[in-house]
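Here is the structure we will look at.
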Amino acid sequence: MKRRTGTGGALLATAVAATVAATGPMSTAAGPAHAAGSATACVMREGSAHTDWTGMTWDADILCDNAPGDVRLQSFRDSPVVGRMVTTRSWFVCWKVGDPHAGGNNIWYYTQADEVVSRPTAQGWGYMPAVMLETPQDPVPGLPKCSWG
6 MKRRTGTGGA LLATAVAATV AATGPMSTAA GPAHAAGSAT ACVMREGSAH TDWTGMTWDA
66 DILCDNAPGD VRLQSFRDSP VVGRMVTTRS WFVCWKVGDP HAGGNNIWYY TQADEVVSRP
126 TAQGWGYMPA VMLETPQDPV PGLPKCSWG
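In this text, residue positions in the sequence shown follow our numbering: the first is 6, and each later residue adds one.
Following this line, the structure appears as structure tokens:
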């Protein structure tokens with residue numbers, strides 16, 4: 006099943022704008038969900054097209070600071086590592102509930118790794134636990150829940 010691309014980004018942008026208007030910028034400087042120092046705001050990017058290895062499409066994403074680390078095929082601690090994120094500011098297209106992790110919640114974010122390390126068919130697409138991202142809260146306000154999770 007493919008996600009429609011025409012209005013999804015506009016809806017995401019509207020949701021993010023409403024959240025920012027109500028709660029302030031999506032910055033982690035004042036009260037981070039997971040901060041190890043000062044962080045830059047998460048930014049919604051309209052028109053950032055992505056298609057994963059299954060054919061799912063998105064026309065927007067959220068760009069946030071993150072720690073380098075493993076990207077797992079599923080949102081479980083023992084799921085195979087399919088890639089590694091080496092950059093420290095990366096994009097994420099949606100979130101889902103998975104295993105609890107060190108961040109004190111069970112939110113995982115879907116992205117494409119910088120490096121593919123196994124299962125080349127998946128092209129590095131998978132999940133990072135929320136503890137690896139610098140976010141104002143989890144899930145990030147305005148970022149859609151993954152339609153399959």
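A virtual CB, placed ideally from N, CA and C, is assigned to each residue, including glycine.
Look at A46 here: in three-state DSSP terms it is coil, with no helix or strand label. Going by DSSP, F97 is part of the beta strand (DSSP E) stretching over 94–97.
Counting only residues of its own chain and dropping the five nearest sequence neighbours on each side, Y114 has a CB closer than 7 Å to the CB of F97, W100, Y132, M133, A135, L138. For T116, the enclosing beta strand (DSSP E) has its first and last residue at 112–117.
E120 and G88 do touch by the CB rule: their CB atoms are close to 6 Å apart, below 8 Å. With respect to the 9 Å criterion, A118 and M90 are classified as neighbours on the basis of their beta carbons.
For A65, the enclosing beta strand (DSSP E) begins and ends at 62–70. The criterion of a C-beta distance shorter than 9 Å is satisfied by S80 and D104. Under the DSSP assignment, P134 falls in the beta strand (DSSP E) whose first and last residues are 130–134. Check the Cα spacing between L78 and each of D66, W63, W58: the tightest is with W58. In the three-state DSSP reduction, T59 falls in the coil class, being neither helix nor strand.
Residues of the same chain with a CB within less than 7 Å of the CB of N110, apart from the 5 flanking positions on each side, are A135, D143 in chain order.
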